[in-house]
Ligand code: HEM
Ligand code: HEM
Ligand SMILES: [Fe+2]
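Structural data, given as structure tokens:
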């Protein structure tokens with residue numbers, strides 16, 4: 002670690018991983034509720050489990066992005082973090098607000114939660130992903146502002162690299178577009194129209210900048226490839242992300258009220274959205290093949306390559322299969338959507354956070370060249386178990402979705418099966434999904450266990466001796 | 464990438480492209496805002512419809528159901544539930560919804576359960592008004608059939 006203050010990232014990463022475990026637990030419960038409909042009813046209705054599952058996801062990703070920023074910005078800026086104290090305080094504020102909100106979901110009926118938190122004064126609750134009480138949303142805004150201030154001041158006083166600038170642009174965008182969550186008019190069409198300014202402009206807009214910046218940072222560190230080359234790629238990738246993704250938002254405007262030209266605009270531009278994700282794959286593999294040294298944290302490199310690949314599959318391929326209006330007419334809001342949502346969120350955003358954790362955590366624990374080989378082996382098992390089972394979940398849901406469309410959507414009124422009857426026919430596929438979910442969980446357990454596997458670690462000096470043909474270097478902090 | 468394509472060019476594409484397409488999005492949004500009144504029949508948003516939407520949100524109905532294809536996929540689509548059960552009569556539909564909400568949870572073993580929300584009669588009426596209004600939004604004829 003180059004600067005003391007980078008260590009504030011540690012609690013962020015640890016807490017993110019704890020929430021991740023919670024997310025998966027509730028995912029498994031829902032996986033069972035999909036099959037045994039009254040499982041845990043009325044103690045944990047499906048909607049509550051779902052809120053907990055998706056909100057934990059968003060919150061742990063935010064913790065991950067914050068941890069990543071606190072870790073990499075000082076290093077990129079070549080200066081200490083503006084205020085480590087503020088970062089630590091905001092950690093506790095955010096953690097407390099997050100835990101209180103989740104407990105609120107679990108312990109009181111949602112309508113009561115809305116009442117206790119005075120939702121009627123500024124109604125923002127009860128919309129997918131934005132279920133948090135208004136007061137929690139305000140808390141998120143405050144935490145984000147403090148965080149961006151801290152990161153921004155650090156960048157202002159330090160070196161302004163491309164990675165820094167792209168990252169902060171993404172973070173500011175994240176905060177700005179979140180403000181649309183406070184706009185909730187009586188008119189459902191307007192509500193939905195601007196709801197997507199949070200959701201779509203996050204995952205297919207500004208978050209891609211954050212993703213690109215973290216990926217580029219990690220690749221510089223583990224490959225030692227010239228910064229100039231990496232920065233050029235980064236610019237082209239995020240340029241393509243914005244060029245395709247902004248108007249690509251039209252793929253959500255097909256069937257919720259907006260006019261017909263969105264059928265064309267949404268289809269054409271969102272069909273281009275896989276390009277930046279494909280370029281990330283090329284980028285990651287090319288940088289690794291042109292690496293200038295062999296970093297001993299091999300598993301971090303694996304995560305980086307895996308992240309680019311899985312993001313391309315989830316967002317690029319599974320996004321494309323249902324993004325053209327004539328296809329989306331039949332698949333909209335089906336299990337195909339769920340399949341895509343899972344692989345995309347996991348591949349792009351869960352995995353980029355796991356990538357930076359895999360690279361940075363060992364360094365913060367005094368292991369500049371990564372964890373011991375034995376620990377990396379266990380982590381590698383976790384990597385493959387999680388990636389392959391997530392592909393399994395995605396395939397199971399895709400088959401379920403295709404069958405759902407065939408039974409429920411394609412036939413005309415008199416022949417189409419009802420929603421509930423269709424769901425019964427899909428139960429075998431839901432068992433498969435649940436099975437892969439359990440494997441995913443096993444992978445997660447292995448991943449956690451890898452943090453506690455001991456063994457001999459390689460120091461920077463030893464790595465210098467070890468490095469044969471390629472010149473070896475330190476943890477990468479100096480390049 | 465080829466050397467003739469340098470970082471400065473890449474940066475310009477990023478800034479230029481980003482700004483241009485963001486402005487285009489803003490422009491299209493303005494245009495859509497002008498067009499929407501013709502499609503969302505907002506003139507029919509009565510206090511009952513508005514209150515119905517608030518009740519829909521306060522009870523997190525979207526946590527199980529989808530509405531215009533968005534939300535959860537655990538329970539049926541409801542933007543066209545009026546077309547499915549109303550038989551073209553608002554009154555029939557409202558009566559259906561009153562009975563339906565009172566009946567929950569159905570307690571059929573192994574079946575997906577909908578909670579009892581303890582809504583008053585007038586609240587259910589408002590919810591019905593909201594769902595009827597929603598079913599009449601011009602949504603380019605989605606869903607493909609009445610099963611949604
Ligand atoms: C990492 C990036 C992405 C993430 C995390 C992501 C995630 C999601 C999620 C969670 C949904 C469901 C939203 C809801 O609940 O209503 C969704 C919907 C959708 N996504 Fe993505 N997505 C990504 C990228 C893409 C890309 C690149 C495309 C197109 C090529 C795409 C096409 C779609 C479409 C068409 C829908 C609507 C599905 C429907 O009609 O039900 N997504 N996405
Ligand atoms: C053990 C593994 C998992 C299981 C069994 C599971 C199960 C589920 C279920 C049943 C839903 C609700 C679908 C519905 O609305 O009907 C859901 C939603 C969702 N889950 Fe998971 N999940 C798992 C892991 C994950 C992971 C690892 C991620 C991302 C990193 C994730 C992200 C999401 C998202 C984004 C949604 C909302 C999807 C949408 O709106 O289309 N889940 N999950
Ligand atoms: Fe999208």
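Protein chains in written order, with the numbering used here: chain Z, 2 to 480; chain U, 464 to 611. We treat Cβ as the ideally placed atom computed from N, Cα and C, and that holds for glycine. If you're wondering where the values come from, they're calculated on a predicted model, not measured in any experiment.
- Name the one or two DSSP bridge partners that residue 529/U has. DSSP links residue 529/U through a beta bridge to 534/U.
- Express the C-alpha separation of residue 165/Z and residue 578/U in angstroms, rounding to a whole number. About 48 Å.
- Item | Supposed close pair residue 33/Z, residue 42/Z - CB separation, criterion 8 Å | That pair is no contact at about 11 Å.
- Going along the chain, which residues of its own chain have a beta-carbon closer than 6 Å to the beta-carbon of residue 321/Z, five neighbours each way excluded? Excluding sequence neighbours, residue 321/Z sits near 275.
- Message: With distance defined between alpha-carbon atoms, name the residue in 377/Z, 65/Z, 55/Z nearest to residue 302/Z.
- Response: Closest option to residue 302/Z, judged by alpha-carbon separation, among 377/Z, 65/Z, 55/Z: 377/Z.
- Same chain only: Cβ atoms within 8 Å of residue 56/Z, ignoring 5 sequence neighbours per side: Excluding positions up to five away in sequence, the list reads 102, 103, 106, 130, 132, 133.
- Taking Cβ positions only, does residue 333/Z come closer than 8 Å to chain U? It does: the Cβ of residue 333/Z has a partner Cβ on chain U nearer than 8 Å.
- Task: Might you give, ordered along the chain, the residues of its own chain that have their beta carbon closer than 7 Å to the beta carbon of residue 601/U, omitting 5 neighbours on each side?
- Result: If the five residues before and after residue 601/U are omitted, its C-beta is found closer than 7 Å to the C-beta atoms of 502, all from its own chain and listed in chain order.
- Item | Pocket of ligand 3 (residues with CB nearer than 5 Å to any heavy atom), chain order | Ordered along the chain, residues surrounding ligand 3 are 201/Z, 205/Z [Cβ under 5 Å from any heavy atom].
- Task: Mind checking the region 316-332 of chain Z against chain U and listing, in chain order, the residues whose C-beta falls within less than 7 Å of any C-beta there?
- Result: Interface annotation for the region 316-332 of chain Z against chain U: 330, 331, criterion Cβ-Cβ distance under 7 Å.
- Query: At which residues does the alpha helix (DSSP H) containing residue 224/Z begin and terminate?
  - Reply: 208-224 is the span of the alpha helix (DSSP H), which, as asked, contains residue 224/Z.
- Task: Compute every distance between the C-beta of residue 338/Z and the non-hydrogen atoms of ligand 5, then say whether any falls below 7 Å.
- Result: Ligands displayed in this structure: ligand 1, ligand 2 and ligand 3; ligand 5 is not among them.
- Message: Can you confirm whether the region 313-332 of chain Z touches the region 341-352 of chain Z when touching is taken to mean that 3 or more C-beta pairs between the two stretches lie within less than 8 Å?
- Response: A contact exists between the region 341-352 of chain Z and the region 313-332 of chain Z.
- Query: Is residue 208/Z close to chain U, meaning its C-beta is less than 8 Å from at least one C-beta of that chain?
  - Reply: By this cut-off, residue 208/Z is not an interface position.
- Three CB pairs or more closer than 8 Å across the region 63-74 of chain Z and the region 166-185 of chain Z: Segments in contact, yes.
- Task: Report the residue from 223/Z, 216/Z, 224/Z, 252/Z whose alpha carbon sits nearest the alpha carbon of residue 236/Z.
- Result: Nearest C-alpha to residue 236/Z: 216/Z.
- Message: By the DSSP assignment, the alpha helix (DSSP H) with residue 70/Z in it spans what residues?
- Response: Here the alpha helix (DSSP H) through residue 70/Z covers 47-78.
- Query: For residue 39/Z and chain U, any beta-carbon pair shorter than 8 Å?
  - Reply: It does: the Cβ of residue 39/Z has a partner Cβ on chain U nearer than 8 Å.
- Message: When you compare the region 192-208 of chain Z with the region 289-301 of chain Z, are there three or more beta-carbon pairs, one atom per stretch, that lie closer than 8 Å?
- Response: Too few Cβ pairs lie closer than 8 Å, so no.
- Message: As an exercise, report each continuous alpha helix (DSSP H) stretch of at least 4 residues that is fully enclosed by the region 219-268 of chain Z, in chain order.
- Response: The region 219-268 of chain Z contains these whole alpha helix (DSSP H) runs: 228-249.
- Message: 8 Å is my cut-off, CB to CB: does residue 193/Z come that close to chain U?
- Response: Yes - at least one Cβ of chain U is within 8 Å of the one on residue 193/Z.
- Message: Checking 8 Å against the spacing of the C-beta atoms, do residue 69/Z and residue 151/Z come in under that value?
- Response: No, these two residues do not count as a Cβ contact at 8 Å.
- Item | Segment contact flag, the region 528-543 of chain U with the region 602-609 of chain U, C-beta cutoff 8 Å, min 3 pairs | Of all C-beta pairs linking the region 528-543 of chain U to the region 602-609 of chain U, three or more are shorter than 8 Å, placing the two stretches in contact.
- Message: So with CB distances below 7 Å, who are the chain U contacts of residue 336/Z?
- Response: Within chain U, the residues near residue 336/Z are 536.
- Pick helix, strand or coil for residue 598/U, following the three-state DSSP scheme. Helix.
- Query: Measuring CB to CB, does residue 117/Z end up less than 8 Å from residue 428/Z?
  - Reply: It is not a contact, given that the beta carbons lie outside the stated cut-off.
- Message: Does residue 160/Z come out as helix, strand or coil in the three-state DSSP assignment?
- Response: Here residue 160/Z sits in coil by DSSP.
- Task: Rank 349/Z, 284/Z, 197/Z, 369/Z by C-alpha distance to the C-alpha of residue 492/U and give the top, closest one.
- Result: Considering only alpha carbons, the answer is 197/Z.
- How big is the Cα-Cα spacing for residue 413/Z and residue 599/U? Near 20 Å, if we compare the C-alpha coordinates of residue 599/U and residue 413/Z.
- Query: Does any CB atom of chain Z fall closer than 8 Å to the CB of residue 513/U?
  - Reply: Taking Cβ atoms only, chain Z reaches closer than 8 Å to residue 513/U, which makes this a yes.
- Can you list the residues of chain A that residue 477/U reaches, using a CB-CB cut of under 8 Å? The structure shown contains no chain A; its protein chains are Z and U.
- Please compile the residues from chain Z whose C-beta is within a distance smaller than 8 Å of the C-beta of residue 605/U. Those within 8 Å of residue 605/U in chain Z are 255, 256, 330, 333.
- Compute the Euclidean distance between the alpha carbons of residue 473/Z and residue 464/Z, then round it to the nearest angstrom. For residue 473/Z, the predicted model reports a pLDDT of 47, less than 50, meaning its position is unreliable; a value from the coordinates is still stated below. Going by C-alpha positions, residue 473/Z is about 6 Å away from residue 464/Z.
- CB contact check: residue 468/Z to chain U, cutoff 8 Å: Reliability fails at residue 468/Z, whose pLDDT of 46 lies under 50, so the model's placement of it is uncertain and the value that follows must be treated cautiously. By this cut-off, residue 468/Z is not an interface position.
- Could you have a look at residue 417/Z and say whether DSSP puts it in helix, strand or coil? Collapsing the DSSP output to three states places residue 417/Z in coil.
- Is there at least one non-hydrogen atom of ligand 1 closer than 7 Å to the beta-carbon of residue 312/Z? Residue 312/Z Cβ: within cutoff of ligand 1.
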